[in-house]
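So the sequence lines, in the order shown, correspond to chains A and B. All residue numbers for the first sequence refer to the working numbering, where the first residue is 102 and numbers rise by one. All residue numbers for the second sequence refer to the working numbering, where the first residue is -8 and numbers rise by one. C-beta: ideal position from N, C-alpha, C; glycine also. Heads up, the thing below is written out as structure tokens.
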Amino acid sequence: MRKALAICILYFLIGMARAQPSANVLLVTDETSPHFGSLLFQNLEAFLLETLYKQGYSSQHFFKIYSEKPNEHALPMLGKLSIDKDLLYFTPRFPFVEGKTYWVDINIKETHQVNEINIPIRTEQTPPKVTAIYPSSKQWPANQLKFYICFDRPMRFGEAYQHIQLLDENGQELQAPFLELEQELWNKDQTRLTVWFDPGRIKTMLIPNQEKGTPLDAGKKYELIIQDKWLAINGLSLQKDYHKNFEVVAADHIKPQPDTWQIVSPKSKSKTPLILRFQESMDFAMLHSGINVLDNAGNIIYGKVHISDQESVWQLMPDTPWQSGEYTIRVSADIEDLAGNNLSRAFDQAYQKHFDEDEPKDFIDLKFTIR
Amino acid sequence: MRKLLTHFLFLAILFLLESTLSANELDYKTLTKDFVQGKAAVQSISVMSFGPEGILFVGDSKAGKLFALDLNDRTVNASKEAFELADIEGKLANLLGTDRQGVIIHDIAVNKISQNIYIAASRADANQLGYWKLPNDIAYANILLKVTPDGKISEVDLNDIRHSVTEVPNVINEGKQNWRNSDERTDAITDIAYDDGKLYIAGLSNEEFASVLRVLDFPFGKTAHYATMEVWHVAHGKWETESPIRTLFPYQFNGKKYLLASYTCTPFVSIPVSDIKPGSHVKNKTLAEFGSGNMPVDIITYEKNGKEYLLMSNSSKALIRVNPDNIPKQEKGLTEPLKNGEYAVGLQHDVLSKVGIMHIDNYNAEHVMLLQRMPNGMLNLVAYPTKWL
Chain A
102 MRKALAICIL YFLIGMARAQ PSANVLLVTD ETSPHFGSLL FQNLEAFLLE TLYKQGYSSQ
162 HFFKIYSEKP NEHALPMLGK LSIDKDLLYF TPRFPFVEGK TYWVDINIKE THQVNEINIP
222 IRTEQTPPKV TAIYPSSKQW PANQLKFYIC FDRPMRFGEA YQHIQLLDEN GQELQAPFLE
282 LEQELWNKDQ TRLTVWFDPG RIKTMLIPNQ EKGTPLDAGK KYELIIQDKW LAINGLSLQK
342 DYHKNFEVVA ADHIKPQPDT WQIVSPKSKS KTPLILRFQE SMDFAMLHSG INVLDNAGNI
402 IYGKVHISDQ ESVWQLMPDT PWQSGEYTIR VSADIEDLAG NNLSRAFDQA YQKHFDEDEP
462 KDFIDLKFTI R
Chain B
-8 MRKLLTHFLF LAILFLLEST LSANELDYKT LTKDFVQGKA AVQSISVMSF GPEGILFVGD
52 SKAGKLFALD LNDRTVNASK EAFELADIEG KLANLLGTDR QGVIIHDIAV NKISQNIYIA
112 ASRADANQLG YWKLPNDIAY ANILLKVTPD GKISEVDLND IRHSVTEVPN VINEGKQNWR
172 NSDERTDAIT DIAYDDGKLY IAGLSNEEFA SVLRVLDFPF GKTAHYATME VWHVAHGKWE
232 TESPIRTLFP YQFNGKKYLL ASYTCTPFVS IPVSDIKPGS HVKNKTLAEF GSGNMPVDII
292 TYEKNGKEYL LMSNSSKALI RVNPDNIPKQ EKGLTEPLKN GEYAVGLQHD VLSKVGIMHI
352 DNYNAEHVML LQRMPNGMLN LVAYPTKWL
């Protein structure tokens, strides 16, 4: 009799144990596993696996994964169940979002067990950084036309101007110094923003200039602040303000003078750089696109461009060694100095051709010889 | 006697229903004869449109292809019931495993046979959307979902589906950016419409005049050609060839077929189908200027008290209603820029009191389907009674 009772109790306990969902769930974080990014359910009973197998894994009855805390309106995530070597996996239709919490509802024998799964951030994510502001010089002319903010990764579009502050030497913020375009001027991969000072205040003939003056005053010091709240595309903010201090010198109304530029020729059969010195800082972006080197047959010499000395020196490191011969540096007439003066015309010069002027050229050619 | 009459009537209705169904069934069988079962290698569900036989046409800008999908969705639903599914973004976020700001809806299309609604979506950063940044500018839609009239949502499996596919002639290359900071390729296919064995496909090409309208035979394979487009942009005050048609709709006046179409900023034009000849250049007739600062999204027709109207949805403007009877009255196209203070000119039209609507489609005999941003900020799928439009 006692034995029979003991057996009864044992069966009861087993029954109890079976009634409790006993699965545990974890995320496969091993990047080399074919199941990387899936959820793995362990301690599942054989009958459950068999049932799932028979149903072609289509049942969402036993396992539901939610991207918000389960409630009467929440729908479970799309994904696939599969069994591999007696282990059950859930692979979401789209990868789990790093840093997000998901809820796993395991419903065995009508008993719900809800587990929270936090998806770790895969590699330690560092906040985005301002890598440079151009002009890199600490002296900007009073008629500085534009500047560039460079980031180490793509940034979010549409919120630039609220994160750029320009302070005068008393720490007062300048009012509307920039041309705030609805279409922010980003490069293709959204890592470099062009910010224009209001050109209406720079051109001396225009009303905004006559009423408010240039945004920057010669002889004064300024601080440009790129604010910490600026978001990268992946949602992380800069987290630290970036400061750039500069002082303003006299306005520059003179066109760059190519005849004063200095060329340092490289040696034949070497990959030493060709060097072009401008005698003044030039517009950073245009130096990358506006200068080509051609050989005697007119072929472009490809290589790496390096810009240094506050954008006053341009260098070309060729991909293949230089050969002796005549070469041409073809400089687009559109390249500008910091104040927007290009090779054809000073920024402030009225756009009209004088009868005694030559037709403006699209480019100028500088010759050099490699021996 | 009365019973007999009822019987007779019942049989007559049944016969009528049967004969219309079989015409459709016959068309369906002919049109899908060459379809194959298997993976439809769709890379982007850029635009969608249903044919009357329940075939879904998908324009894929990324792949430069057009897919025709047999969704096996031909059970007739003649209901005139309304429909509303609130917070569709929240529901898609649940299904796609993210939050509301992590999903984007690119297009919707209703299968008029079953009243099932199909949604092209992506898991992408909706924070990037803007006045000039439409869904296809942000991401390529890569999931097709089906919403049934009872509000259930499921994924359409494109890995095993009866389908047919063809190359779209001359789609613009990847790599160049447009003025909206998006790759030109995202506008390779901007809209499609099916009409009587022909598919009309708007978008950008590598031609010097980039905006083109292509005509393909369906079933695919017989012919495909295109013409370049030029349109008088009233708001811009100039003829333009580089910006694509954003939405188009086939329509017939006095037995002649036309495409009614609209461009960004927002000229509304008519193009005789007979003008779209291989290699031709078509100067569109600008019927109206609906106002700058806006991108047109969808055009449909609907019936109200037995009278047909055109309805156009917009990215930055309320619904526009046009009485098609007014269109032939507009004898000459507009060719003058706006005068000082003018905003919308040309063809008479109404701007309705329905705002926040991106996509529209016909739903059933008494409703049109709207994808509408509601005053509470939620994005809803709403079947709206045509009697109130």
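Through-space distance from residue j to residue i, alpha-carbon basis
i	j	result
residue 189/A	residue 261/B	58 Å
residue 231/B	residue 224/B	7 Å
residue 314/A	residue 308/A	9 Å
residue 215/A	residue 54/B	42 Å
residue 429/A	residue 375/A	11 Å
residue 220/B	residue 354/B	32 Å
residue 292/B	residue 129/B	29 Å
residue 165/B	residue 233/B	16 Å
residue 461/A	residue 447/A	12 Å
residue 122/A	residue 180/A	Confidence is the limiting factor: at residue 122/A the pLDDT is only 48, short of 50, which leaves the residue's position unreliable and the question unanswerable from this model.
residue 159/B	residue 275/B	22 Å
residue 279/A	residue 298/A	4 Å
residue 264/B	residue 380/B	29 Å
Simplified DSSP assignment, three categories, for residue i
i	result
residue 387/A	helix
residue 346/B	coil
residue 122/A	Here the model assigns residue 122/A a pLDDT of 48, short of 50, so the residue's position is not dependable, and the following value carries that caveat. In this structure, residue 122/A counts as coil in the three-state DSSP scheme.
residue 367/B	coil
residue 375/B	strand
residue 376/A	strand
residue 23/B	coil
residue 90/A	Any property of residue 90/A remains undetermined from this structure, which presents chain A solely from 102 to 472.
residue 16/B	helix
residue 472/A	coil
residue 162/B	coil
residue 43/B	coil
residue 295/A	strand
residue 175/A	coil
residue 183/A	strand
residue 108/B	strand
residue 217/A	strand
residue 354/A	coil
residue 283/B	coil
residue 359/A	helix
8 Å Cβ cutoff met for residue i and residue j
i	j	result
residue 350/B	residue 289/B	yes
residue 190/B	residue 57/B	yes
residue 360/A	residue 438/A	no
residue 324/A	residue 268/A	yes
residue 229/A	residue 252/A	yes
residue 36/B	residue 84/B	no
residue 134/B	residue 113/B	yes
Delimiting residues of the beta strand (DSSP E) encompassing residue i
i	result
residue 186/B	182 to 186
residue 152/A	Per DSSP, residue 152/A belongs to no beta strand (DSSP E); it is in the alpha helix (DSSP H), 147 to 155.
residue 166/A	164 to 167
residue 143/A	140 to 143
residue 294/B	287 to 295
residue 311/A	Unbroken run through residue 311/A is the alpha helix (DSSP H), 308 to 313; no beta strand (DSSP E).
residue 247/A	247 to 252
residue 419/A	414 to 419
residue 328/B	Segment: none, residue 328/B is in no beta strand (DSSP E) and carries neither H nor E.
residue 95/B	95 to 102
First and last residue of the uninterrupted alpha helix (DSSP H) at residue i
i	result
residue 79/B	79 to 87
residue 301/A	300 to 303
residue 126/B	126 to 129
**Q.** Interfacial residues, the segment 265 to 282 of chain A to chain B, with Cβ spacing under 8 Å
**A.** So nothing in the stretch comes that close.
Q. If you measure beta-carbon to beta-carbon, which residues of the segment 108 to 129 of chain B are closer than 8 Å to chain A?
A. Going along the segment 108 to 129 of chain B in chain order, one finds 114, 116, 118, 119, 121, 122, 123, 124 with a Cβ nearer than 8 Å to chain A.
**Q.** Residues, ordered as in the chain, of the segment 231 to 242 of chain A that lie near chain B by beta-carbon distance below 8 Å
**A.** Going along the segment 231 to 242 of chain A in chain order, one finds no residue with a Cβ nearer than 8 Å to chain B.
Q) If contact means a Cβ-Cβ distance below 9 Å, which residues of the segment 28 to 39 of chain B contact chain A? A) Using a CB distance below 9 Å, no part of the segment 28 to 39 of chain B faces chain A.
(Q) So if I threshold CB-CB distances at 9 Å, which residues from the segment 148 to 174 of chain A count as touching chain B? (A) Cβ contacts with chain B come from 166, 167, 168, 169, 174.
(Q) Any C-beta of chain A within less than 9 Å: which residues of the segment 87 to 102 of chain B qualify? (A) So the close ones are 87, 88, 89, 90, 93.
Q. Between the segment 163 to 197 of chain B and chain A, which residues of the former have a C-beta closer than 8 Å to a C-beta of the latter?
A. Residues 168, 170, 171, 172.
(Q) Tell me which residues of the segment 267 to 290 of chain B have at least one Cβ-Cβ distance to chain A shorter than 7 Å, keeping chain order. (A) Those would be none; no residue qualifies.
Q) the segment 194 to 222 of chain A: which residues have C-beta closer than 9 Å to a C-beta of chain B, in chain order? A) Hits within the stretch, in order: 194, 195, 196, 197, 198, 201, 203.
Q | Near-chain B residues of the segment 247 to 260 of chain A (beta-carbon distance less than 8 Å), N- to C-terminal order | A | Hits within the stretch, in order: 257, 258, 259.
**Q.** Cβ-based contacts, 9 Å cut-off: residues of the segment 352 to 371 of chain B near chain A
**A.** Per Cβ criterion, the list is empty.
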